[in-house]
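According to the working numbering, the sequence shown is numbered sequentially starting from 122.
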Amino acid sequence: HGKKEKAQKGKQQAEKKEEKKDDPEKARADLLKKVKKEGGKRGVEIEGAADMGGLQFFCTAVELPDGDVDLLDACIVAMNEESNPADEERKGGSGKIGKMVFSAGTEQLAVGAYVPTHLVGDIDAGEWLKGVLAGRGTLVDSTQGYAKAVVKADADNGIFPLKIREPMITEAINYLKQKGLFPDKADDSDDDMIFGDDDFPS
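If you want it as structure tokens, here you go:
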């Protein structure tokens, strides 16, 4: 009987040792948690800024997905989740706002375009994203309400995810302006409508 317990204990210790090693699944799960947190926080900021500026659409960049399109997905879902008033820290809440979200990694730029149901008649997420990609990158998924793409880094052709991100955000906004879906302040500086990471105090 004692032997069995000892074997059991040895097994548990071995398992404990296993856990200590780099566990890619655990690392991914931890990262996913952080990505969702970033998305939730950004969702609140987007909702606030959109309310203030009377915007239906918003274009922004997030850091943590690091160019990973699946993590970007999770981040956008967190942005759009309904805020629970009972939560100590508000998160999400920007589901009614169309958005294009960019995440630059070293290898690639991931882009997600989300259009809420009530705005699908005005703009198609896939078309919007295609317009912004302008022939670059690969559309991974495209429906009227949600589309995503990746643009691979290509040093030979001067394509660096971080470098192309800002011009693409501008492009995304210009596309909206052409459709009359974004306030076009021709007489005003457009910069104040583009929110990058630096614009949100963390």
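Even glycine gets a Cβ: it sits at the ideal position worked out from N, Cα and C.
Owing to the predicted nature of the structure, the values given are computational and were not obtained by experimental measurement.
The criterion of a C-beta distance shorter than 9 Å is not satisfied by residue 273 and residue 263.
DSSP places residue 229 inside the beta strand (DSSP E), whose first and last residues are 229-235.
Counting every other CB atom within 10 Å of its CB across the protein chains shown gives residue 231 a total of 16 or more, marking it as buried. With 16 or more other Cβ atoms from the protein chains shown falling within 10 Å of its own Cβ, residue 189 counts as buried.
Bounds of the beta strand (DSSP E) holding residue 260 are 259-263. With respect to the 9 Å criterion, residue 212 and residue 204 are classified as neighbours on the basis of their beta carbons. Residue 249 holds the alpha-carbon nearest to the alpha-carbon of residue 265 among 256, 254, 249 and 257. One Cα belongs to residue 245, the other to residue 283, and the distance between them is close to 26 Å. Taken through DSSP and simplified to helix, strand or coil, residue 277 comes out as helix. Separation of residue 299 and residue 255 (C-alpha to C-alpha, rounded to the nearest whole angstrom) is 15 Å. Within the region 146-205, complete alpha helix (DSSP H) segments of at least 4 residues are found at 190-201, given in chain order. Using a 10 angstroms sphere on the CB of residue 259, the tally of other CB atoms stays under 16, which defines it as exposed. The Cβ atoms of residue 304 and residue 175 sit closer than 9 Å to each other.
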